[in-house]
Amino acid sequence: MQISTSWLEEWVDAGEDVPALGHQLTMAGLEIEGITAAALPVSGVVVGEVLSVAKHPDAEKLHVCRVFDGREELQIVCGATNVRVGLKAPLARVGAELPGGLRIKAAKLRGIDSFGMLCSAKELGLGEDLPGLLELEATASVGEDIVKALALDDRILAVNLTPNRGDCMSVMGLAREVATVMRMPLKSPAATPVDVTIKDVFTVRLEADEACPKFAGRVIRGLRAGARSPLWLRERLRRSGMRPINAVVDVTNYVMLELGQPMHAYDLDHLDGAIVVRLARQGERLKLLDGREIELQPDVLVIADTVNVLGLAGVMGGDDSGIDAATTDIFLEVAYFIPDAIAGRGRRNGLVTDASQRFERGVDPQLQERAIERATALLLAIAGGYAGPVVVKTGAAPRAPAESILLRHSRVERVLGIEVSAAEIVGNLERLGMTVEAAGALQWRVRPPSWRFDVAIEEDLIEEIVRIHGYDKVVATDALIDQTLAAWTETRLRPERIADLLAARGYREAVTYSFVDPALQSVLFPNEPGLALKNPISAELAVMRVSLWPGLVQALQENQRRQQPRVRLFEQGRAFASGTGAETEVLAGLAAGTSLPEQWGTQAAAVDFYDVKADVEALLQATGEPGLFRFRAESHPALHPGQSARIYKSDVPAGWLGTLHPEVVRILGLTYPAVVFELDVEIALHARIPAAVEISKFPSIRRDLAVIVSEAVTNEALCTSVAQSAGTLLRNVAVFDVYRGQGIDKGKKSIALALNLQDTSRTLTDLDADEIVTRVVHHLGSELDATIRDK
């Protein structure tokens, strides 16, 4: 929001030190993002009055004018179509300097001397792209420097407001804050009701009174068609970042900026029957003021008449009932809409307007009558006309601030950690418009004003007290609170240890948003849309993540755009179940590019499934129970068929591992495929409590065994069968070779196993080992149809 300090001065004496004012407001929680000049530097330009106008003898479009500059008459050659006797306009004398470095010199135009230049608004850098000279007010003092006459030395405050401070989205709201912070009186301009000179009214019906509890309207007739707003009003709009349009629209915008109450004007000749505030009907469409046509959803609040939809309530009016140059009779609408009825409705169609921003944050429900009187007074003064009575329709009670909040002095000092006197507490709250009543020794009952929806509990009041006291005046102190140690057992691997293990294997920790791009997530998880946010930061952060993969994949995309040949990332965080939003702590990782850093000793090779499987197994080894985990081939929509596995711990699903699906790689535009994994921390990384075991002092025996099995038999099944049949003397079984080819039937494979045998009480003999091997071979043959490879 942009507000000029000269406008602010009408409400409160803010002083001449604008940077100091900006600092005070920032310290009070209203961040001032910037302070800029209202116009570019201008010198040597004064208010001039045109005394005479004559045709140029040799140029049809030029005029020879006599212009008084307050000291003397000057001859000026001018080509503006609106130059006329009596006009007061900016006059750049010889030697004047205009924005852009243009210096005015005496010149001869088609044989006639010209000693200066009459200026347009654009030539003064005021932004208005209107033809002709800038017409000054008739009351402007001839010869006065234009900088003073137009207050071009004005400063503009760019205020960045938090969503809860909708009450400050106006000059009045900001002035209240300045008056409170600087302990100055508020000079609220008088709001005298205008005289009602006609009896015309227009019927209003509230069919959705819960969404629109209050609606004020007034008929105004006899406005001058095409009336233009005065320069002072157009300049205030420009300095607030708005473009002047016509008197009616300019006045509604002006009052919105001044008081914070959005309003809308309808061409009375285009209205039928009555104004109806209702919800949209299925299939209804609306052509907006910006020319776009949109389809309305049933939960959208609209303003309609008995025939057509007139506008999107609280967002934008419709084109059919808009004000144009021929409008003379209008219906002025000033309504109160509850924030929930407006929030998000405009953004569905890419609409974020000044009105919707204010209604979404909350407008004072007691402001409507004042706003309509202020707008009417301005309109009648600018464009003439006759005002009818104000008709106010009310329905359900408007949302009101908290009835009464108990505030305790002891609680204030405990929360803030500083001493604050009772007098300062009461004074600060009363300056903020709150009603404070004693409720015992050093405690009060506080009632917030109608414009402060964000004050509901005692802590809100404490925040207001310290905000006005000054955050910069709060001295840092150590908090005196009881320290409670969180429970932690050896059954849980610490995040630090997990991070160290992965970092040692070349991974880097990433921190990504819990909000993700719904389009990206749908590519990876087409059947899990994720929990949608009601008010997302942006369209790319609109849903909660169901996995950490979307964030890691997006990080991979950014790394690949920067030509990173080798990317290894991991993250530990929360995933949110689709629909319910239930949270799960997960650990996820991603590897792409080369398996090893570039070096001379090893040829470069792309990372594959088994590289990352080894990393995952190293993590699982840290639990002390690696034997409980199984990798089983299963399909996942994001993973490559045949290169994906689900991880189980004692038959309980604990995570996924796999290479990204080729179609996913194509859609996401990845330079090379990535291998990803994700583990449920609670299940997969639950560790066994370390316990002492006896170390055998007797030697072990190794027996190698090569068996031929079907291609369908997995290594896991083979090793499990060996473990079941070998008995307690088996210490370890490992696969050390897999062979397919000559001598092996098609559809079969040869797998070589190493069995390590050992006892803790004696030395095993060859007979013991042979007996175990015989038992294993028999079991493998009966269970897996395995045969011994004898060559």
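Per this note's numbering, residue 81 is the first one in the sequence shown, and the count goes up by one each step. Note that the Cβ used here is the ideal one computed from N, Cα and C, for glycine as well. Bear in mind the structure is a predicted one, so any value in this text is a computation, not a measurement.
For residue j and residue i, the rounded distance between their alpha carbons
i, j, result
"G653", "A771", "30 Å"
"F411", "V443", "21 Å"
"T277", "L351", "22 Å"
"F778", "A662", "52 Å"
"G468", "K279", "5 Å"
"L864", "R646", "41 Å"
"L348", "G181", "48 Å"
"L565", "V395", "51 Å"
"K873", "S658", "Not covered by the structure: residue 873. The range shown for the chain is 81 to 871."
"F605", "A718", "7 Å"
"P419", "E96", "37 Å"
"A655", "K367", "42 Å"
"R710", "S780", "27 Å"
"L512", "V492", "17 Å"
"E224", "G253", "33 Å"
"D149", "A451", "40 Å"
"N326", "A405", "8 Å"
"R811", "S841", "14 Å"
"E290", "P609", "32 Å"
"T674", "V687", "5 Å"
"V495", "I542", "8 Å"
Sequence-distant residues of its chain with Cβ nearer than 6 Å to residue i (five each side left out)
i, result
"A832", "A786, F816 and D817"
"T283", "A354"
"S86", "A231 and D234"
"G212", "A160, T161 and N162"
"Y873", "In this structure the chain extends from 81 to 871, so residue 873 is not present and cannot be described."
"A305", "A406 and T408"
Limits of the alpha helix (DSSP H) - the one that residue i falls within
i, result
"V227", "I226 to A229"
"G861", "D846 to L864"
"F689", "F689 to Q701"
"V495", "H489 to L496"
"Q82", "That residue, Q82, is in no alpha helix (DSSP H); its beta strand (DSSP E) goes Q82 to S84."
"F439", "D434 to R441"
"L582", "P575 to A584"
"V329", "A327 to L339"
"A259", "V251 to V261"
"D347", "Taken as a continuous stretch (DSSP letters only), D347 belongs to no alpha helix (DSSP H), being part of the beta strand (DSSP E) at H344 to D347."
Residue i - DSSP class collapsed to helix/strand/coil
i, result
"Y752", "coil"
"T456", "helix"
"W680", "coil"
"V546", "helix"
"P721", "strand"
"V761", "helix"
"H766", "strand"
"C145", "strand"
"Q838", "coil"
"E791", "coil"
"V555", "coil"
"N240", "strand"
"G653", "strand"
Cβ shell of residue i (< 7 Å), same chain only, five flanking positions each side left out
i, result
"R648", "G586, Y587, R588 and A671"
"S805", "R855, V856 and H859"
"P721", "S715"
"P63", "As displayed, the chain neither begins before 81 nor continues past 871, which places residue 63 out of reach and without an answer."
Min CB distance residue i to chain B below 8 Å
i, result
"H858", "Reference to chain B is not applicable here, since this structure consists of a single protein chain."
First and last residue of the uninterrupted beta strand (DSSP E) at residue i
i, result
"A713", "F709 to A713"
"W876", "Because the chain in this structure spans residues 81 to 871, residue 876 falls outside the shown range and cannot be described."
"A519", "Run containing A519: none; DSSP gives neither H nor E here."
"W524", "Q523 to R527"
"R641", "Segment W629 to R641 is the alpha helix (DSSP H) holding R641; no beta strand (DSSP E) there."
CB-CB length for residue i against residue j, believed under 8 Å
i, j, result
"S790", "K828", "6 Å"
"F595", "A612", "That belief does not hold up - the Cβ atoms of F595 and A612 are roughly 10 Å apart, past 8 Å."
"G102", "L237", "6 Å"
"V227", "G128", "Incorrect: roughly 14 Å between the Cβ atoms, too far for contact."
"G631", "E651", "7 Å"
"V756", "A668", "7 Å"
"F417", "A393", "6 Å"
"A108", "E257", "6 Å"
8 Å Cβ shell around residue i - same chain, five flanking residues per side excluded
i, result
"V387", "D352 and G353"
"T571", "H766, A767, R768 and I769"
"E373", "R365, L366 and K367"
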